[in-house]
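What follows is a set of notes on a single structure, which appears directly below.
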Amino acid sequence: MLFAPSGTITGMNLQGIHERYGGVLKIFKKKNCSLAQAMKGFDVPRSTICDYSGMCELKIIDTEEYYSVVQQERGTKGNALIKNIELRCWEALSGHRAQSNKLKEEGKLFPFYPNENSFAGK
7 MLFAPSGTIT
17 GMNLQGIHER
27 YGGVLKIFKK
37 KNCSLAQAMK
47 GFDVPRSTIC
57 DYSGMCELKI
67 IDTEEYYSVV
77 QQERGTKGNA
87 LIKNIELRCW
97 EALSGHRAQS
107 NKLKEEGKLF
117 PFYPNENSFA
127 GK
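Be aware that the sequence shown starts at 7, since it is given in the numbering used here, and climbs by one per residue.
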């Protein structure tokens, strides 16, 4: 294992998800390997990338909008379900298709997430 992200992933602490996405993407690009091999090299379950790619990609594409979505979802209670944050991020990503495609071509996002079906809603 090359890197073990720290901290528990909760609606209050999403940094671990972003660290995992970034780490797997780095291995994927550097070694020019499959996603499965990159996840194995980073010791990340497939569900982490598949289930939370919307959050990760929105943060890369539009950090300000990402933090706005997270803050709105947390609301006044200060907590939120990760799944709800992810769904709101997918909604926000629908307005960033062109930028998403550009970043995929540049290798700054995984080339296969999200796909057109993802934009329609998870």
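Heads up, the beta-carbon is just placed ideally off N, CA and C, and yes, glycines get one too. Given the structure is predicted, the values throughout are model-derived calculations rather than measurements.
Count the other CB atoms within 10 Å of the CB of residue i; is the residue buried (16 or more) or exposed (fewer)?
{"i": "E70", "result": "exposed"}
{"i": "R94", "result": "buried"}
{"i": "F118", "result": "exposed"}
{"i": "L99", "result": "buried"}
Have a look at residue i and residue j and give me their C-alpha separation to the nearest angstrom.
{"i": "N90", "j": "Y72", "result": "13 Å"}
{"i": "G1", "j": "R26", "result": "Past the boundaries of the shown model lies residue 1; the chain is included only from 7 to 128, so the question cannot be answered."}
{"i": "S12", "j": "Q21", "result": "Confidence at S12 is low in this model, with a pLDDT of 43, below 50, so the placement of that residue should be treated as unreliable; the coordinate-derived value is given next. Cα to Cα, the separation comes out at about 9 Å."}
{"i": "I66", "j": "G101", "result": "14 Å"}
{"i": "D57", "j": "K32", "result": "19 Å"}
{"i": "Q78", "j": "E111", "result": "31 Å"}
{"i": "G113", "j": "K35", "result": "7 Å"}
{"i": "A44", "j": "V30", "result": "5 Å"}
{"i": "Q105", "j": "E92", "result": "19 Å"}
{"i": "L115", "j": "L109", "result": "6 Å"}
{"i": "G81", "j": "N19", "result": "15 Å"}
Per DSSP, what kind of secondary structure is residue i in: helix, strand or coil?
{"i": "D57", "result": "helix"}
{"i": "G22", "result": "helix"}
{"i": "E111", "result": "helix"}
{"i": "S100", "result": "helix"}
{"i": "S124", "result": "At S124 the pLDDT is 48, less than 50, meaning the model places this residue with poor confidence and gives no usable figure here."}
{"i": "F48", "result": "helix"}
{"i": "N85", "result": "coil"}
{"i": "C95", "result": "helix"}
{"i": "F34", "result": "helix"}
Could you spell out where the alpha helix (DSSP H) holding residue i opens and where it closes?
{"i": "S74", "result": "T69 to R80"}
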